[in-house]
Structures are given as structure tokens and as C-alpha cells.
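Shown next, in C-alpha cells, is the structure this report addresses.
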Amino acid sequence: MSKNIKKIAVMTSGGDSPGMNAAIRSVVRTCAFHNIECVGIYRGYQGLIDGDFVEMTARSVSNIINKGGTILKSARCKLFRTPEGRNVAHKNLLKEGVEALIVIGGDGSFTGAMIFNQEYGYPVIGIPGTIDNDIYGTKYTLGYDTALNTVVDVIDKIRDTASSHNRLFFVEVMGRDAGHLALNAGVGAGAEEILIPEENLGLERLLESLERSRKSGKTSSIVVVAEGHKTGENVFGLAEYVEKNLPNYDIRVSVLGHLQRGGAPSCFDRVLASRMGVKAVESILEGKSNYMVGINNDTIVLTPLDQAIKGKSEIDADLLRVSDIMTI
Ligand code: F6P
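In our numbering, the protein residues as written are 10 to 337.
Following this line, the structure appears as C-alpha cells:
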């Protein structure tokens, strides 16, 4: 392993996700293991521009592996999208003597890192952290497994009351552009229908499906709706549309919102974060840059950042079919 790098910085950026703290811990402790200094940057790229840095040691990340959120805070930073903002960020890193940057975040955060690398030749490595699981080059992103379990747990509770009152519930889950969370949580929670951004089967089909299930003897149902679904209505509009066309249904709407992003990370996310953090630091020490760490076939792999950003993380077509069969 190369001994040239003496100081690495780590930040969390964009929407937070459970497991980010476990990844920070892993990065900091891997640095300590290799006798490299590590600094944390608060509030993602905003903190980089503001020079909001903190020295981190193996002990400063004690008792965080089990915590949701991120001790380094997170932000979506418009200023870093400008050359002026990136210039200030670069100067701050040089001033601190930081020689490489690890960014824990989603595709927006990786785009910033990649541009920064192109402009300044600055070494960057990404760790995917988002509950959306929408990043090419990794089967799982940090926080996705935890969020899935959170959503299934909440829908189980909604099912109790839906069943008591013979109601139809529309449950909106996060996912602006990706339906992984909706599809997998929907199958796991036994949803009647699942509406995702990647597949628009139209409102007619939703009505047909609900009618069919009512005729088959179902007395209550759950429809899981991803935020970014493409029917052209928001979740309340959808509920109104169904109410108008199928007046027999007693309908309620639940928008799960940001509770999906919080909570203690699952064991899966903690282990994944620990593995990814080690790989991120050791990749930098091997002289690698401009990659994202991911997991495929239970192996930790690297994908060039541009591919991770541009590539599409495809929805599991087989799971869509499984979902259809389960709603008979
Ligand atoms: O990208 C993660 C995500 O949680 C999306 O699922 C959601 O659409 C978005 O972030 C919400 O962002 P914010 O917290 O900025 O409202």
C-alpha cells in the first residue's frame, strides 16, 4: 500500500440515510489503522466551502455504529455547483493539508465529486448512501435495507386498521425517481398494487385490479405508491379518482415521509458500511481515485464514478411479476 497519503477527509452529503454513521466510523478507524490523519467535514459540500472541518480519531466515532442520521450532518449545496464554490472548497482542502476526499451520498453528491476531480485532479472516492437504492454499480446502497424494514413495519400497522375498518389505504413511500423501495416493501408487506416511476400501467388498470380483488372477496387493501410514480396524479388525487370511480371503497391515505430516512441502521447496513469504509480508504492508499465503492454478489467492488452516475439501476422485472401473481 502506498504511504504517500497522510490525511483524508470524509463527509456525508445529500439526503441522509441509516448507516452513514457506521460508514464514517469505518473510514475514520481504517485511517487510524493505517496511521493516516482523518478529518470530518460538516454539512457536506457546504462545510467544505465554509471550512467547517473537525479532526477525527478512532475514539471520536465511538458509540455511533447504531445511530441513524449522520454526526457530520448533511446538506444539499447549490454553491458547490459553481466553479467559484469549488475553487474555495479546493483552497480549504489544501490549507488543511487534506489529500483525498471520501463522499458518502447519492448520485448528486457523486456528480459534484466527479467534477471536482476533473477540475483539480483531486482524489475522490464515493460511498453510496441513500434509501432510494438507485445507484448503478452496487446492488445495495447504505440505508436501503433499514428503510425497507421501516416501511414494511409501518405498513403492517396500517394493515391492522385497514382490516378492522374494511378500508383501502394508499401509502406513499419515498423514491422520486426510483421504485426499489416501493416495489420491495410492497411485496414484503403484501400490497395489492404497487405504483413505481419505472412502470406506468395507467389508472384504468388500477381500477380493474381493485374491482377484481373486491369481487374475489378481499375486504381491505393496501396500494403502495412511490413518490415519483407516473400516473400524473399525486397520492391524494389517486385516492379521489378511485373514490369517484369505485364508490364502494372507503379510502384513506398515508404519506410516510421522512420517518423512512431515520432510525437505527439494520445489521445489514452496519456491516455493509463497515466493509465499504475500509475499501474506500484502502483504495485511496492504492492510488485509486474517481471510483464508487459498491457491493455485487457479496463482493465489494469499485465502479468508475461516471458510470455510477450515468448508469441505470434497473428494477427487478421478475419481482414485478411476483407482485402481480401475489395479488390474485
Ligand atoms: O434521495 C433520497 C430521498 O429521501 C428521496 O427518496 C426523496 O424524494 C428525497 O430524498 C427527499 O429529499 P428532502 O429530504 O430534501 O426533502
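Each residue gets a CB set at the ideal place from its N, CA and C atoms; glycine is no exception. Small disclaimer: the values here were computed from a predicted structure and weren't measured.
Give the residues whose C-beta lies closer than 6 Å to at least one heavy atom of the ligand F6P, in chain order. Taken from the N-terminal end onward, the list reads Gly24, Gly115, Thr139, Ile140, Asp141, Met183, Gly184, Arg185, Glu236, Arg270.
Helix or strand or just coil, what does DSSP make of Gly49? Gly49: strand per DSSP, three-state reduction.
CA-to-CA distance, Gln316 to Ile142, given in whole angstroms: The amino acid at residue 142 is misidentified as Ile; the sequence shows Asn. In a straight line, the C-alpha of Asn142 is about 15 Å away from that of Gln316.
Where the beta strand (DSSP E) containing Tyr131 begins and where it ends: Annotation: Tyr131 is outside any beta strand (DSSP E) and is labelled neither H nor E by DSSP.
Could you pull the DSSP bridge partners for Gly138 from this structure? Partner(s): Leu151.
Looking only at C-alpha atoms, which of Arg176, Pro137, Val234 sits nearest to Val393? A query on residue 393 cannot be resolved here, the shown segment of the chain reaching from 10 to 337 and no further.
Just to confirm before moving on: does the CB-CB distance between Ser22 and Gly53 stay below 8 Å? Yes, Cβ-Cβ distance for Ser22 and Gly53 is below 8 Å.
Sequence-distant residues of its chain with Cβ nearer than 6 Å to Asn75 (five each side left out): Within the same chain, Asn75 has close Cβ partners Ala273.
Can you give the beta carbon distance from Ile140 to Ala156, rounded, assuming they're within the 8 Å contact cut? Sure, about 4 Å apart at Cβ, within 8 Å.
Anticipated Cβ contact below 8 Å, Ala32 with Gly286, distance rounded: About 5 Å separates the CB atoms of Ala32 and Gly286; that is less than 8 Å, so the two are in contact.
State the start and end residues of the unbroken alpha helix (DSSP H) segment that holds Met29. Run containing Met29: 29 to 42, per the alpha helix (DSSP H) assignment.
DSSP beta-bridge partners for Met65? BP columns for Met65 point to Cys47.
Mind checking whether Gly77 and Pro132 have CB atoms under 8 Å apart? Contact flag unset, no.
Skipping 5 residues on each side, what residues in its chain have a beta carbon closer than 6 Å to that of Ile309? Taken in chain order, the residues that qualify are Arg284, Lys288.
CB-CB under 7 Å to Tyr149, same chain, minus the five flanking residues each way: which ones, in chain order? So the list reads Asn142, Leu281, Ile304, once near-sequence residues are dropped.
Going by DSSP, what residue range makes up the beta strand (DSSP E) through Phe178? 176 to 182 is the span of the beta strand (DSSP E), which, as asked, contains Phe178.
Measure how close the beta-carbons of Met123 and Asn299 come, nearest whole angstrom, since I'm counting them as under 8 Å. Met123 to Asn299, Cβ: 7 Å. Contact.
Can you list, in chain order, the stretches of the alpha helix (DSSP H) that have 4 or more residues and sit fully within the region 177 to 238? Taking 4 residues as the shortest admissible run, the region 177 to 238 contains the following complete alpha helix (DSSP H) segments, listed from N- to C-terminal end: 189 to 197, 212 to 224.
Residues of its chain near Asn175, where Cβ-Cβ distance is below 8 Å and the 5 sequence neighbours each way are ignored: Correct list, in chain order: Thr228, Ser229, Asp259.
Nearest-angstrom Cα distance between Ile14 and Val290? Cα to Cα, Ile14 sits roughly 10 Å from Val290.
Taking DSSP as the reference, what is the three-state secondary structure of Ala18? Strand, per DSSP.
Measuring straight from C-alpha to C-alpha, what distance separates Arg214 and Ile203? Spanning the two alpha carbons is a distance of roughly 12 Å.
How is the alpha helix (DSSP H) around Val97 delimited, first residue to last? 92 to 105 is the extent of the alpha helix (DSSP H) around Val97.
Assuming Gly94 contacts Ile58 under a Cβ cut-off of 8 Å, what Cβ separation, rounded to an integer in Å, is found between them? Gly94 to Ile58, Cβ: 5 Å. Contact.
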